[in-house]
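Per our numbering, the sequence shown starts with residue 70, numbered consecutively.
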Amino acid sequence: GETPENAKPSPYSGGRKAGLEALAKFSVHGYANTRNKIHGNVSRLSFYIRHGVLGLREVAESVRDRFGRSYDAVKFWQELGWRQFWRLVYARLGDRIYEDLEPPKVNLGKDFPEELPKEIQAGKTDLVCMDECVRELTQTGYMHNHARMWFASFIIHFRKLGWKAGERFFYRHLLDGDLIVTGK
Numbered sequence: 070g071e072t073p074e075n076a077k078p079s080p081y082s083g084g085r086k087a088g089l090e091a092l093a094k095f096s097v098h099g100y101a102n103t104r105n106k107i108h109g110n111v112s113r114l115s116f117y118i119r120h121g122v123l124g125l126r127e128v129a130e131s132v133r134d135r136f137g138r139s140y141d142a143v144k145f146w147q148e149l150g151w152r153q154f155w156r157l158v159y160a161r162l163g164d165r166i167y168e169d170l171e172p173p174k175v176n177l178g179k180d181f182p183e184e185l186p187k188e189i190q191a192g193k194t195d196l197v198c199m200d201e202c203v204r205e206l207t208q209t210g211y212m213h214n215h216a217r218m219w220f221a222s223f224i225i226h227f228r229k230l231g232w233k234a235g236e237r238f239f240y241r242h243l244l245d246g247d248l249i250v251t252g253k
């Protein structure tokens with residue numbers, strides 16, 4: 070995709086050493102009660118997991134070894150489980166993940182743009198919450214998990230756009246998007 074003229078390098082460091090350092094710094098304390106908050110205790114390990122720098126089992130075992138089987142640790146493991154679930158769904162469905170597997174629950178019409186409208190991509194929707202999420206995503210390659218859901222809901226329920234344009238936008242910018250490249 071195109072890089073905006075004002076784009077900055079990502080603030081996240083790549084590689085195994087950086088991944089292991091991030092894992093060692095992550096404390097699961099308070100995770101269960103704050104992970105859904107924009108400034109809550111999230112691991113930010115998804116970049117390293119997505120690119121195979123850290124394995125799911127390795128991350129889970131590190132948390133277990135350092136924090137035991139606390140409620141926070143269990144909640145974190147459940148989130149790792151969702152990543153594994155996605156991998157299993159993709160393994161089973163393959164390219165069918167690009168199809169609507171059930172009818173939409175919102176009246177969206179029939180024709181959808183291939184890309185999100187320019188004002189959404191530029192973070193100029195006049196909704197500060199959406200615009201700030203877009204800015205963080207396009208400037209850093211990261212968007213909080215709940216912000217991703219809010220943004221997707223905005224695209225579908227408020228703007229009445231199909232999910233595929235939002236998916237393309239996410240995967241063009243997300244450093245931790247779990248899309249398995251298949252030529253789409």
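Each residue gets a CB set at the ideal place from its N, CA and C atoms; glycine is no exception.
Cut-off 7 Å between Cβ atoms - residues of its own chain near residue 129, not counting five sequence neighbours on either side: Residue mapping note: residue 129 aligns to position 60 of the sequence shown, counting from 1. So the list reads 146 and 149, once near-sequence residues are dropped.
Member of 232, 189, 113 and 80 whose CA lies at the smallest distance from the CA of residue 95: Working through the sequence shown from its first residue, we reach residue 95 at position 26. Per the Cα distances, 113.
Beta carbon of residue 233 nearer than 9 Å to that of residue 177: On the sequence shown, residue 233 is found 164 positions in, with the first residue counted as 1. On the sequence shown, residue 177 is found 108 positions in, with the first residue counted as 1. Not in contact: residue 233 and residue 177 (Cβ atoms no closer than 9 Å).
With 16 other Cβ atoms within 10 Å as the buried cut-off, status of residue 138: Here residue 138 refers to the residue found at position 69 of the sequence shown. Exposed.
Cβ distance (whole Å) where residue 239 is taken to contact residue 246 below 8 Å: Here residue 239 is taken as the residue at index 170 of the sequence shown, counted from 1. Here residue 246 is taken as the residue at index 177 of the sequence shown, counted from 1. Sure, about 6 Å apart at Cβ, within 8 Å.
For residue 109, the nearest candidate out of 224, 223, 216 and 242 (CA to CA): Residue numbering aside, residue 109 sits at position 40 when the sequence shown is read from its first letter. Checking every option, the nearest Cα to that of residue 109 belongs to 216.
Cα-Cα separation between residue 136 and residue 91, rounded to whole angstroms: Residue numbering aside, residue 136 sits at position 67 when the sequence shown is read from its first letter. Residue numbering aside, residue 91 sits at position 22 when the sequence shown is read from its first letter. Going by the C-alpha atoms only, they are around 16 Å apart.
Classification of residue 116 by the beta-carbon crowding that lies within 10 angstroms, buried from 16 upward: The sequence position of residue 116 within the sequence shown is 47, counting from 1. Answer is buried; the Cβ neighbour count reaches 16.
Exposed unless 16 or more other CB atoms sit within 10 angstroms - verdict on residue 154: One-based indexing of the sequence shown puts residue 154 at position 85. Taking every protein chain shown into account, the CB of residue 154 has fewer than 16 other CB atoms within 10 angstroms, so this residue is exposed.
Integer-rounded CB distance, given that residue 79 should sit under 8 Å from residue 210: Position 141 of the sequence shown, counted from the first residue, corresponds to residue 210. Position 10 of the sequence shown, counted from the first residue, corresponds to residue 79. Contact holds; Cβ gap of about 5 Å.
Residue 221 to residue 99 span [Cα, whole Å]: Residue mapping note: residue 221 aligns to position 152 of the sequence shown, counting from 1. Residue mapping note: residue 99 aligns to position 30 of the sequence shown, counting from 1. For residue 221 and residue 99, the distance between alpha carbons rounds to 27 Å.
Cβ shell of residue 243 (< 8 Å), same chain only, five flanking positions each side left out: Position 174 of the sequence shown, counted from the start, is the residue given in the question as residue 243. Cβ neighbours of residue 243 within its own chain (closer than 8 Å, five residues either side excluded): 206, 210, 211 and 212.
Reduced DSSP secondary structure (H/G/I, E/B, other) of residue 240: Translated into positions along the sequence shown, residue 240 becomes position 171. In the three-state DSSP reduction, residue 240 falls in the helix class (H, G or I).
Reduced DSSP category for residue 145 - H, G, I as helix; E, B as strand; rest coil: Reading the sequence shown from its first residue, position 76 is the one you call residue 145. In the three-state reduction of the DSSP assignment, residue 145 falls in the helix class, which pools H, G and I.
Same chain only: Cβ atoms within 8 Å of residue 224, ignoring 5 sequence neighbours per side: Taking the sequence shown and counting its residues from 1, one reaches residue 224 at position 155. Counting only Cβ-Cβ distances below 8 Å, and skipping sequence neighbours, we find 185, 189, 230, 232, 234 and 235.
DSSP three-state assignment for residue 103, whether helix, strand or coil: What you label residue 103 is simply residue 34 of the sequence shown in a count that begins at 1. DSSP, read as helix, strand or coil, puts residue 103 in helix.
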